[in-house]
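What follows is a single structure, written as structure tokens, with notes after it.
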Ligand SMILES: [Fe+2]
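Residue numbers (my numbering): 9 to 220.
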């Protein structure tokens, strides 16, 4: 892959309509100090009910064509860095950054050599949903406060993950770049699907529906 491929439309696209219901619901969850958080792949999570998600007109419309699987708030600890990786079974998701009060960076990148990456930053705007290309290598670095992100994925990816897990129970949903085998698998997946990827299909469809 060449450096020219690291441009926003290959990595993410924002929805025009701002969040109203989900952002308020998540705020209440975050402010509730008595709530338990569950550990999940380096994050702590809390699920967001489907009935809340579907109150957002844009998400409800997307759900008619691409069925939503699960939605959650992901919490990342202060001074935590999520390594460069592509998600094996999550082809695309919809994210919204909930913490706009401190510094954190979400980067999409291409490996330059053994030591470094070229990158492009997703600068999250407040109350804004982004369709996120999980097959493009990405990394997150968080600074002085807890970072909260709303994230939801799609049923087709969940089915793909389940099928693969039945044939190889040792595979995890996500692998990091210190695991050569899975890095190569993820990299192949990133390169092989092209215009047929869920991200490409979603991108094309939201454009045709005037949602972006
Ligand atoms: Fe990821």
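C-beta: ideal position from N, C-alpha, C; glycine also.
Inter-residue spacing [alpha-carbon to alpha-carbon] between residue i and residue j
{"i": "residue 220", "j": "residue 151", "result": "30 Å"}
{"i": "residue 1", "j": "residue 144", "result": "Any property of residue 1 remains undetermined from this structure, which presents the chain solely from 9 to 220."}
{"i": "residue 160", "j": "residue 53", "result": "12 Å"}
{"i": "residue 115", "j": "residue 40", "result": "30 Å"}
{"i": "residue 36", "j": "residue 112", "result": "21 Å"}
{"i": "residue 55", "j": "residue 83", "result": "11 Å"}
{"i": "residue 189", "j": "residue 92", "result": "Any reading at residue 189 is ruled out, since the residue's pLDDT is 39, under 50, leaving its predicted position unreliable."}
{"i": "residue 99", "j": "residue 66", "result": "20 Å"}
{"i": "residue 206", "j": "residue 215", "result": "14 Å"}
{"i": "residue 81", "j": "residue 106", "result": "9 Å"}
{"i": "residue 119", "j": "residue 136", "result": "28 Å"}
{"i": "residue 79", "j": "residue 21", "result": "18 Å"}
{"i": "residue 75", "j": "residue 133", "result": "25 Å"}
{"i": "residue 117", "j": "residue 12", "result": "11 Å"}
DSSP beta-bridge partners of residue i
{"i": "residue 129", "result": "115"}
{"i": "residue 146", "result": "93, 116"}
{"i": "residue 2", "result": "Residue 2 lies beyond the stretch modelled for the chain, which goes from 9 to 220, so this question has no answer here."}
{"i": "residue 101", "result": "140"}
{"i": "residue 21", "result": "139"}
{"i": "residue 51", "result": "48"}
{"i": "residue 82", "result": "53, 157"}
{"i": "residue 76", "result": "162"}
Cβ neighbour criterion (16 or more within 10 Å) applied to residue i
{"i": "residue 110", "result": "exposed"}
{"i": "residue 46", "result": "exposed"}
{"i": "residue 72", "result": "exposed"}
{"i": "residue 124", "result": "exposed"}
{"i": "residue 101", "result": "buried"}
{"i": "residue 27", "result": "buried"}
{"i": "residue 165", "result": "buried"}
{"i": "residue 229", "result": "Because the chain in this structure spans residues 9 to 220, residue 229 falls outside the shown range and cannot be described."}
Beta carbon of residue i nearer than 8 Å to that of residue j
{"i": "residue 103", "j": "residue 158", "result": "yes"}
{"i": "residue 34", "j": "residue 141", "result": "no"}
{"i": "residue 156", "j": "residue 38", "result": "yes"}
{"i": "residue 154", "j": "residue 86", "result": "yes"}
{"i": "residue 31", "j": "residue 63", "result": "no"}
{"i": "residue 126", "j": "residue 14", "result": "yes"}
Backbone secondary structure at residue i - three-state DSSP
{"i": "residue 87", "result": "coil"}
{"i": "residue 44", "result": "coil"}
{"i": "residue 7", "result": "Not covered by the structure: residue 7. The range shown for the chain is 9 to 220."}
{"i": "residue 208", "result": "helix"}
{"i": "residue 280", "result": "Since the first and last residues shown for the chain are 9 and 220, residue 280 lies out of range."}
{"i": "residue 14", "result": "coil"}
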